[in-house]
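Each step along the sequence shown adds one to the number in the working numbering, with nothing skipped, and position 95 is 148. Backbone N, C-alpha and C fix where the C-beta goes; we use that ideal spot for every residue, glycine too. What you are looking at is a predicted structure, and each value in this text was computed from that prediction instead of being measured.
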Amino acid sequence: MGSSSSKPEASSHVWKASSPVARISHDVAESLQTSSETDTSRAQSLELAVQARVASELRKLEAQASTALKEAEEKVTSVPETENEANQLSRQTVSKEVEALRARLEKRKQLKPIPESVEQAREGVVKCLRENDRRPLDCWREVETFKEEVRRLEKNWVEKVVS
């Protein structure tokens, strides 16, 4: 039991190729063996080269972006005064148009006076809503009274139009 070792002895492996072995020159084999460059050093040098290229491309892009930004800023700051004046004129014309529309609306507001009963019902709703500003649902009676007055007014109008 203890007379033989449990591990097999290290024997040299001989690899046999299934195809003919390509012959390389003695100089190439010697240069590969004497080269101090390893896989990791080649990978590191490749990584450094890639990082340098990326950094140079980034610098180019930043330069392009900064020039584009400067051009845009110059465009914005060189807005002609005539455009500002045109905007002022358009604002003035728009405000005049709004005032004219308001005046027309005031003229059209009441073609016929509202009957006293409808006006009293409306005032009752407004008063109730002001008193119960936190509880508007308490004004349901006033709202129903107002609705009934409006229904009566509409009914009278329809009867006048139909007959």
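Ala116 is classed as exposed because its beta carbon has fewer than 16 other beta carbons within 10 Å across all chains shown. Assigned with DSSP and collapsed to three states, Asn185 falls in coil, not helix or strand. In the displayed model, Thr91 falls within coil according to three-state DSSP, outside both helix and strand. Ser170 carries a helical assignment under DSSP once its states are collapsed to helix, strand and coil.
Between the alpha carbons of Cys192 and Glu207 lies a gap of roughly 23 Å. For Ala82, the number of other beta carbons within 10 angstroms of its own is below 16, and it is reported as exposed. Between Val171 and Val203, the gap from beta carbon to beta carbon is short of 9 Å. If you draw a 10 Å sphere on the C-beta of Ala174, you find 16 or more other C-beta atoms in it, and that means buried. At a cut-off of 4 residues, not a single continuous stretch assigned as alpha helix (DSSP H) sits fully inside the region 90-122. Assigned with DSSP and collapsed to three states, Lys208 falls in helix. The beta carbons of Val196 and Val211 sit no closer together than 9 Å.
For His79, there are no CB contacts under 6 Å within the same chain when 5 residues up- and downstream are skipped.
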